[in-house]
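Respectively, the protein sequence lines represent chains A and B.
In my numbering, each residue's number is its place in the first sequence (first place is 1) plus 10.
In my numbering, each residue's number is its place in the second sequence (first place is 1) plus 5.
Heads up, the beta-carbon is just placed ideally off N, CA and C, and yes, glycines get one too.
Small disclaimer: the values here were computed from a predicted structure and weren't measured.
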Amino acid sequence: KAGVTQTPRYLIKTRGQQVTLSCSPISGHRSVSWYQQTPGQGLQFLFEYFSETQRNKGNFPGRFSGRQFSNSRSEMNVSTLELGDSALYLCASRPGSSYNEQFFGPGTRLTVL
Amino acid sequence: QKEVEQNSGPLSVPEGAIASLNCTYSDRGSQSFFWYRQYSGKSPELIMFIYSNGDKEDGRFTAQLNKASQYVSLLIRDSQPSDSATYLCAAGGYNKLIFGAGTRLAVHP
């Protein structure tokens, strides 16, 4: 089975712009979670989608949003980018519940100038 | 109190020794526990998971779970320099998977 894929792998944006990141889960996996990882804050949970519905949400401002399509692919959007949004954004998929193993994609490295 | 706590390290061990990584969790409803390894600049890679009290062995890795003490550990036998990485512990409950901040392991020759 192919693993979790994320596009693009690297992105450079300027403050005030918006960005959309994409994630394709492992085939058959219905849950997609997004995380932000920075050196100082570690792995921070953004949100989780299951069957096109947001099931959980972390403590991030409304500038961070996401969605999931019927084929389980997911996108996350960050509007009005700030310098502090520079981070590695990771997507992870699992079959369904939190009892299942979760597998990460390679991540998207976002740099905001 | 953080939901999943790990010592940030670095934990330094000599090559060939046993590395012991520990994790505690606060939610007694957690039912599944995972260990991920993350190399610098890479994404986390799942190395072990455990659901039941006791030990679970996979090659050089042994995961230990004690639900009464809300404690999870990972032992790495015959540590190699290639094991040098950050190890993330995660606890899963109903619709929730919480990660610790990770422990940095350094294996020196």
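Give a yes or no on whether the C-beta atoms belonging to leucine 93 of chain A and glycine 117 of chain A are separated by under 8 Å. Taking 8 Å as the Cβ cut-off, leucine 93 of chain A and glycine 117 of chain A do not qualify as a contacting pair.
Could you tell me which chain A residues have their CB closer than 9 Å to the CB of glycine 107 of chain B, listed as they occur along the chain? Gly52 and Leu53
Start and end residues, beta strand (DSSP E) containing glutamine 46 of chain A: Per DSSP, the continuous beta strand (DSSP E) segment holding glutamine 46 of chain A begins and ends at 41–48.
Along chain B, which residues have their Cβ under 9 Å away from the Cβ of leucine 100 of chain A? Residues of chain B passing the Cβ test: Ser48 and Pro49.
Mind checking if leucine 1 of chain B is an interface residue toward chain A, Cβ cutoff 8 Å exclusive? Because chain B here runs from 6 to 114, residue 1 of chain B falls outside it and cannot be looked at.
What residues in the region 33–44 of chain B have a beta carbon less than 7 Å from any beta carbon of chain A? Gln36, Ser37 and Phe39
Where arginine 73 of chain A and glutamine 85 of chain B are concerned, what is the direct C-alpha to C-alpha distance, given to the nearest angstrom? 43 Å
Taking only beta carbons into account, state which residues of the region 54–84 of chain A come closer than 7 Å to chain B, listed in chain order. Arg65 and Asn66
Measure the beta-carbon distance from glycine 106 of chain A to arginine 40 of chain A and round it to whole angstroms, keeping in mind my assumption that it falls under 8 Å. Confirmed, about 6 Å.
Consider the Cβ of glutamine 112 of chain A: report whether some Cβ of chain B lies at a distance smaller than 8 Å. yes
Starting from threonine 24 of chain A, follow the beta strand (DSSP E) in both directions and report where the run begins and ends. Segment: none, threonine 24 of chain A is in no beta strand (DSSP E) and carries neither H nor E.
Taking the Cβ atom as the reference point for each residue, do serine 32 of chain A and glutamine 16 of chain A lie within a distance shorter than 8 Å? yes
Pair every Cβ in the region 9–21 of chain B with every Cβ in the region 79–98 of chain B, then say whether three or more of these pairs are closer than 8 Å. yes
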